[in-house]
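Working notes for the structure below.
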Amino acid sequence: MSELKELIQNKLSKESFSGNGSLKALSQKGLELFNEQGIPTVKHEEWKYTRISAALNKNFSYAEGATAITAKEVEEFRLPGYEAANELVFVNGIYHAELSNIRSSADELVILPLSEAVKGEYKSIVDSNLGHSAGYHKDGINALNNAFAYQGLFISVKKNKSVEHPLYCYYINDARTVNVLSQPRTLIHVAANAEVKVVEEEVTIGTSDSFINKISEIVVEDNAQVHLYKIQNEDSHSSCVKTTHVRQIGVSKVNSVTITLNGGVIRNNLNFILEAPGCESNMYGLYCVKGSTHVDNHTIVDNKMPNSLSNELYKGIIDENATAVFNGKIFVRKDAQKTNAYQSNKNILLSDTATVNTKPQLEIFADDVKCSHGCTIGRLDDEALFYLQSRGIGDKAAKALLLHAFAIEILEKIELEPIRQYVDQIISERLDFEI
Amino acid sequence: MLSIKNLQARIEEKEILKGINLDIKPGEVHAIMGPNGSGKSTLASVLAGRADYEVTAGSVEFLGKDLLELSPEDRAREGVFLAFQYPIEMPGVSTTNFVKTAVNEIRKYRGEEPMDAVAFLKLMKERMKLVNIDQALLSRSLNEGFSGGEKKRNEIFQMAMLEPKLAILDETDSGLDIDALRIVAEGVNKLKSKDNATLVITHYQRLLDYIVPDYVHILYKGRIVKTGGKELALELEEKGYDFIKEELGEEVESPL
């Protein structure tokens with residue numbers, strides 16, 4: 001771990017960042033906290049089942065010239081529907097304007113380096129929102145990203161604008177020659193009455209080790225709608241910690257769908273802070289993992305005001321030696337009367353060596369609320385299998401039908417047809433299911 | 436076509452079938468009637484290959500093959516069809532996709548090419564008409580939120596698509612009002628031919644007004660205790676199951 005600290009120290013000491021105000025403060029504080037805390041180990045309650053130290057002990061390098069990605073290389077991993085999307089390309093954690101393709105006009109969508117946004121008309125938004133996730137994740141890995149916040153990106157969706165072109169964000173680690181650790185950082189501001197869809201995908205080029213430690217903070221104003229889709233489909237040498245921290249400061253609706261297909265060690269933190277009365281938050285997840293993939297979905301819903309609705313459904317199909325963790329925490333604060341908060345986690349284990357740890361946590365301080373949580377871990381339903389077999393469908397095809405049916409409940413939540421089809425295609429191939 | 440000899444089966448430690456003998460020839464309709472707990476549904480399940488039951492003695496020959504040796508899917512592929520008493524709801528499984536998979540798995544088993552989308556849709560349309568089921572139902576998830584009548588109609592639609600040689604209808608009349616019953620029975624009758632056979636399992640006689648059997652068997656305590664023509668069902672309806680008990684010399688509970 002001292003090697004990682006040294007690497008970070010060296011890297012940051014070379015940066016000539018002389019930004020001001022909140023950004024600089026956050027970066028400095030991040031570095032201090034990281035040096036003090038280091039990488040969380042399994043002794044940390046929130047990291048009990050997810051060990052990231054091995055994936056971070058990889059002799060990472062910040063060698064110059066290792067980031068020569070060409071537009072042609074970007075072609076290879078563009079997601080379907082890109083023709084009608086704003087494409088934002090991050091290389092080794094840093095937004096790359098030349099490789100990106102912004103179709104929306106500047107009166108709808110503003111994209112600025114955080115270091116600029118912190119100075120201009122967005123100063124107050126940046127000041128009051130950047131680093132908000134640190135209040136919920138007081139660990140070294142969150143701090144580490146904060147230390148690099150100065151290289152982050154600010155995105156604003158303007159008031160009353162429904163952005164027609166979804167934002168496709170590709171986080172590319174170029175691991176062709178060296179092991180890469182990247183720290184992408186975004187702050188997305190969705191103004192009142194605005195609507196936007198955001199799709200995120202991590203991509204590792206090359207076969208060296210790759211680790212993405214990403215924080216995306218999103219602030220949502222009155223009457224705005226946000227759709228967040230994550231697709232995670234990487235090789236075993238690619239690991240990540242992705243924190244998505246959503247503040248609903250106005251009456252708004254946010255839907256999130258997280259699809260995890262494969263990778264090394266994957267930790268997704270997803271936080272919804274409901275700060276206005278009457279918000280709606282939907283959190284869906286599907287992890288369909290095999291090999292030795294480890295996926296950990298840690299979610300927090302923090303209800304601070306009355307009359308909000310949160311609905312959470314995570315489903316998992318775990319095969320071979322893969323492991324999955326689900327930890328869903330719901331806070332209902334004193335003032336959050338009439339909160340409706342639902343949570344469900346359903347798992348199917350396909351092999352004797354697959355593992356799942358699931359843990360719902362409710363902390364309720366209000367007395368007039370409706371909360372439910374439940375989790376299941378099981379196998380396929382024998383009655384359903386028999387029904388299919390009794391129609392001449394063989395065991396393998398019957399299982400594929402049932403597993404696909406299990407997954408489709410989540411896939412249907414993706415309201416972006418090309419992306420939904422794309423994910424369905426991958427899952428169907430994985431399950432040997434013919435669409 | 437089907438020859439059952441001294442079939443005995445149990446679930447866990449409970450003996451349910453205690454020696455069933457039954458022969459069914461192509462073109463015939465057989466009805467099995469009996470009070471609750473007599474073993475009617477067990478017989479249907481054992482023939483279809485449900486794993487919960489253990490066959491302890493006897494044999495079942497179907498078109499020259501040892502049926503009990505075959506997996507449930509191979510029984511279906513050989514031409515056995517069980518219309519479930521309680522069809523399973525399967526959210527997320529499209530009915531059309533399910534039926535197509537079934538049709539093609541059966542074709543594959545028989546060494547035939549899979550049916551292409553056009554031919555399949557044509558067949559589906561034709562069979563939908565036959566059993567009076569509409570497209571809206573089939574575009575939904577399999578049995579999900581279907582009414583009792585819709586589920587049973589869907590069973591008969593699947594039967595129409597798979598063209599079994601032996602159809603076993605397990606209490607298909609349960610939970611149906613008279614209109615739904617008639618529609619389902621009409622479907623079954625239209626599918627009848629000189630080459631296939633039907634085994635109707637029912638508690639009540641009323642289904643047999645619509646699907647007229649050639650033979651009626653009364654199952655009681657795991658055995659077929661009486662066999663007759665369609666008039667036996669009427670007699671049973673009139674006298675109730677107590678008359679069987681009386682014939683067997685058993686004590687009949689007083690109606691008081």
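Same order as they appear, the protein sequences are chains A and B.
Take 1 as the starting number for the first sequence in the numbering used here and just add one per residue.
Take 436 as the starting number for the second sequence in the numbering used here and just add one per residue.
Just so you know, even glycine gets a beta-carbon here, dropped at the ideal spot from N, CA and C.
Name the one or two DSSP bridge partners that residue i has.
i      : result
R267/A : V241/A, D296/A
A602/B : F516/B, T633/B
Y314/A : G285/A, N345/A
R445/B : E450/B, E489/B
I247/A : It is worth fixing the name first, because residue 247/A is Arg in this sequence and not Ile. Per DSSP, V219/A, I273/A.
L577/B : M525/B
N255/A : H227/A, N282/A
E363/A : F331/A
Whose CA, out of the options, lies closest to the CA of residue i?
i      : options                        : result
N282/A : G81/A, D335/A, T293/A, Q343/A  : Q343/A
Y676/B : L654/B, D569/B, E666/B, I523/B : L654/B
N57/A  : D209/A, I317/A, A194/A, Q248/A : D209/A
S506/B : S104/A, G394/A, T353/A         : G394/A
A400/A : S529/B, K440/B, L601/B         : S529/B
C288/A : M305/A, L7/A, K315/A           : K315/A
H96/A  : E46/A, A143/A, E76/A, Q151/A   : Q151/A
E217/A : N146/A, R267/A, T204/A         : N146/A
T293/A : S238/A, I330/A, Q248/A         : S238/A
Y168/A : S104/A, H298/A, A384/A         : S104/A
E6/A   : Y82/A, I52/A, F60/A, N179/A    : F60/A
N233/A : G250/A, L79/A, S310/A          : L79/A
E524/B : R542/B, R562/B, V490/B, N589/B : N589/B
M305/A : S27/A, L12/A, C279/A, A85/A    : C279/A
K329/A : K338/A, N345/A, K396/A, S115/A : N345/A
T358/A : S100/A, H373/A, N311/A, H132/A : H373/A
A384/A : K680/B, A486/B, A479/B         : A486/B
L250/A : K159/A, H165/A, K290/A, G263/A : According to the sequence shown, residue 250/A is Gly rather than Leu. Ranking the options by Cα distance to G250/A, first place goes to K159/A.
K370/A : G264/A, K161/A, Q337/A, L349/A : Q337/A
I215/A : E363/A, Y171/A, H245/A, A192/A : H245/A
P526/B : L573/B, V553/B, R545/B         : L573/B
How would you list, in chain order, the residues of chain B whose beta-carbon sits under 8 Å from the beta-carbon of residue i?
i      : result
Y342/A : What Y342/A touches in chain B: nothing, since even the nearest Cβ is about 17 Å away.
G374/A : Correct list: empty, because the minimum Cβ distance to chain B is about 17 Å.
R420/A : Neighbours of R420/A on chain B: none; closest Cβ ~14 Å, over 8 Å.
I414/A : Those within 8 Å of I414/A in chain B number zero; the least Cβ separation is about 14 Å.
A397/A : T536, E540
Rounded to the nearest angstrom, how far is the Cβ of residue i from that of residue j, given a contact under 8 Å?
i      : j      : result
L452/B : G474/B : 5 Å
V301/A : A324/A : With 8 Å as the limit, V301/A and A324/A do not qualify as a contact, their Cβ atoms being about 20 Å apart.
L130/A : S22/A  : 6 Å
I410/A : L261/A : About 12 Å; that fails the 8 Å criterion.
I568/B : E606/B : The Cβ separation is near 20 Å, so there is no contact.
E195/A : A149/A : The pair is not a contact, with the Cβ atoms about 27 Å apart (cut-off 8 Å).
V110/A : S156/A : 4 Å
T204/A : N173/A : 5 Å
K600/B : N624/B : At roughly 17 Å, the Cβ-Cβ gap does not stay under 8 Å, so K600/B and N624/B are not in contact.
L181/A : F211/A : 5 Å
H165/A : A71/A  : So it is not a contact: roughly 18 Å between Cβ atoms.
Since residue i meets chain A, which of its residues come closer than 9 Å, beta carbon to beta carbon?
i      : result
V528/B : A384, L388, L401, L402, H404, A405, I408
F533/B : L388, R391, I393, L401
Starting from residue i, find everything on chain B with Cβ-Cβ shorter than 9 Å and list it in chain order.
i      : result
R379/A : By Cβ distance, chain B contributes nothing, its closest Cβ being about 14 Å from R379/A, past 9 Å.
Chain A partners of residue i, CB-CB under 8 Å?
i      : result
Q593/B : R391
M468/B : In chain order: nothing, as chain A lies at least about 23 Å away.
L597/B : R391, G392
Going along chain B in order, which residues have a C-beta closer than 7 Å to the C-beta of residue i?
i      : result
G394/A : E508, E540
So which residues of chain A does residue i contact, with C-beta pairs closer than 7 Å?
i      : result
R575/B : Within 7 Å Cβ-Cβ: nothing; R575/B doesn't reach chain A, min ~13 Å.
I692/B : Outside the displayed span of chain B (436 to 691) sits residue 692/B, for which this structure offers no information.
R512/B : G392
R485/B : F386
L517/B : S390
F555/B : Here the premise fails: no neighbours, minimum Cβ distance about 13 Å.
Looking at the ligand PLP, does it come within less than 7 Å of residue i, judged from the CB to the closest heavy atom?
i      : result
I231/A : With respect to the ligand PLP, the structure offers nothing, as it holds no ligand at all.
Threshold first: 3 residues or longer. Then list the beta strand (DSSP E) segments lying entirely within the segment 635-660 of chain B, N to C. Within the segment 635-660 of chain B, the complete beta strand (DSSP E) runs of at least 3 residues are 650-655.
Which runs of the alpha helix (DSSP H) at least 4 residues long sit entirely within the segment 41-75 of chain A? Give them in chain order. Secondary structure in the segment 41-75 of chain A: the alpha helix (DSSP H) runs of 4 residues or longer, each lying completely within the stretch, are 53-56, 71-75 in chain order.
Runs of 4 residues minimum, wholly inside the segment 322-359 of chain A: which ones carry the alpha helix (DSSP H) assignment? Fully enclosed alpha helix (DSSP H) runs of 4 or longer: not present.
Please specify which runs of the beta strand (DSSP E), each continuous and at least 3 residues long, are wholly inside the segment 88-134 of chain A, giving them in chain order. Listed in chain order, the complete beta strand (DSSP E) runs (minimum 3 residues) inside the segment 88-134 of chain A are 109-113.
Taking only runs of the alpha helix (DSSP H) that begin and end inside the segment 182-206 of chain A, which ones reach a length of at least 4 residues, in chain order? Qualifying alpha helix (DSSP H) stretches: none in this window.
Which runs of the beta strand (DSSP E) fall wholly inside the segment 380-433 of chain A and span at least 3 residues, in chain order? For the segment 380-433 of chain A, not a single whole beta strand (DSSP E) run of length 3 or above is found.
Entirely enclosed alpha helix (DSSP H) segments - the segment 465-509 of chain B, minimum 4 residues: Those alpha helix (DSSP H) runs which fall completely within the segment 465-509 of chain B and span 4+ residues are 475-483.
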